Amino acid sequence: MSKNDNDDHRHGHRERLKARFRKGGLNALADYELLELQLMTAIPRRDVKPLAKELIKVFGSYAEVISAQPERLMEISGVGDNVVTTLKLAEAAAQKLAEGAVLEKPVIGNWQALLNYCSTQIAYKKNEQFRVLFLDRQNRLISDEKMQEGTVDHTPVYPREIIKRALELGSTAIILVHNHPSGDPTPSRDDIEMTRKIQEAGQRLGVALHDHLIISKGGHNSFKSMNLI
Numbered sequence: 002m003s004k005n006d007n008d009d010h011r012h013g014h015r016e017r018l019k020a021r022f023r024k025g026g027l028n029a030l031a032d033y034e035l036l037e038l039q040l041m042t043a044i045p046r047r048d049v050k051p052l053a054k055e056l057i058k059v060f061g062s063y064a065e066v067i068s069a070q071p072e073r074l075m076e077i078s079g080v081g082d083n084v085v086t087t088l089k090l091a092e093a094a095a096q097k098l099a100e101g102a103v104l105e106k107p108v109i110g111n112w113q114a115l116l117n118y119c120s121t122q123i124a125y126k127k128n129e130q131f132r133v134l135f136l137d138r139q140n141r142l143i144s145d146e147k148m149q150e151g152t153v154d155h156t157p158v159y160p161r162e163i164i165k166r167a168l169e170l171g172s173t174a175i176i177l178v179h180n181h182p183s184g185d186p187t188p189s190r191d192d193i194e195m196t197r198k199i200q201e202a203g204q205r206l207g208v209a210l211h212d213h214l215i216i217s218k219g220g221h222n223s224f225k226s227m228n229l230i
């Protein structure tokens with residue numbers, strides 16, 4: 002096959018893939034095909050299907066690819082600055098879309114949107130992050146702040162700092178959120194004890210603890226649903 006024939010074949014494949022996406026949306030494409038569509042913009046003159054498949058093979062899923070650290074992505078042959086920028090832009094777009102569904106809106110009555118938001122933020126992080134969602138009297142999200150970041154299985158948390166920040170923001174209620182990089186969202190004994198201390202500190206100063214969510218790529222758990230608070 003000549004170079005022109007190769008170019009025509011690649012162009013035809015790309016156009017067919019774009020047409021399938023326009024007609025059927027997300028459900029019309031496999032993970033590697035969605036990734037392939039994005040890689041086309043970063044590498045316009047090369048067949049990117051093999052690279053898309055390799056990225057899925059290494060990281061596991063589309064979500065894990067776009068959430069991967071840039072330095073890990075750069076370890077893959079064929080990945081350069083343009084590819085990393087394209088992938089991290091996709092991650093940022095997903096986070097912004099999820100944020101728009103919850104920011105300055107009552108979160109208690111829109112629980113699925115809240116879970117989606119939390120998942121896009123931290124489900125695929127390699128280290129534990131502890132975040133606090135600060136709510137106003139109407140349970141609207143006024144701020145989402147990363148309070149601590151730790152290792153793969155431990156994050157130091159300081160209850161007094163959390164309640165102090167709530168008072169600074171004028172927040173009357175909080176939702177705790179942290180991730181388990183292991184993929185298992187089961188709360189540990191330390192998670193339960195730390196949550197109790199934060200709840201007690203908040204009660205003394207009029208800051209209610211609505212819930213504590215543990216987020217992982219394997220699912221999520223709610224302390225309230227588990228009757229732990």
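The sequence shown begins at 2 in our numbering and counts up one residue at a time. Virtual Cβ for every residue (Gly too), placed ideally from N, Cα, C. What you are looking at is a predicted structure, and each value in this text was computed from that prediction instead of being measured.
The beta-carbon separation of Leu210 and Ile230, rounded to 6 Å, stays under the 8 Å limit for a contact.
Rounded to the nearest whole angstrom, the CA to CA distance from Ile163 to Val133 is 8 Å. Secondary structure note for Arg132: its beta strand (DSSP E) is the uninterrupted segment Gln130 to Leu136. Here Met75 carries a coil assignment [DSSP, helix/strand/coil].
Per DSSP, the continuous beta strand (DSSP E) segment holding Val178 begins and ends at Ala174 to Asn180.
Shown here, Lys147 sits in a strand according to DSSP, grouped into three states. Burial state of Met195 is buried, judged by a 10 Å Cβ sphere holding 16 or more other Cβ atoms.
If you ignore the 5 residues before and after Val103, its C-beta comes within less than 8 Å of the C-beta of Asn111, Ala114, Leu115, Tyr118 and Leu142, all in its own chain and listed in chain order. Taking 7 Å as the cut-off, the Cβ atoms of Lys54 and Tyr33 count as close.
Residue pairing by DSSP places Asp212 opposite Ile176 in a beta bridge. When beta bridges are read from the DSSP output, Arg141 appears opposite Pro107. For Gly220, the uninterrupted beta strand (DSSP E) run begins and ends at Gly220 to Ser223, by DSSP.
In the structure shown, Ser217 adopts extended strand secondary structure according to DSSP, grouped into three states. In the structure shown, Tyr159 falls within a coil segment according to DSSP collapsed to helix, strand and coil. Note on geometry: alpha-carbon atoms of Met148 and Lys126 lie some 15 Å from one another. Here the C-alpha atom of Tyr63 lies approximately 13 Å from the C-alpha atom of Asn28. For Thr42 and Ala124, the gap between their C-alpha atoms comes out near 27 Å. Contact between His179 and Phe131 holds: CB atoms are separated by about 4 Å, below the 8 Å threshold.
Ranking Glu150, Thr121 and Lys106 by CA distance to the CA of Phe135 puts Lys106 first.
Taking all protein chains in view, the Cβ of Lys97 is surrounded by fewer than 16 other Cβ atoms within 10 Å, so the residue is classified as exposed. Thr86 is classed as exposed because its beta carbon has fewer than 16 other beta carbons within 10 Å across all chains shown. In the structure shown, Pro186 falls within a coil segment according to DSSP collapsed to helix, strand and coil. Boundaries cannot be given for Leu27, as no alpha helix (DSSP H) includes it and DSSP labels it neither H nor E. DSSP places Ser120 in the uninterrupted alpha helix (DSSP H) bounded by Trp112 to Ile123.
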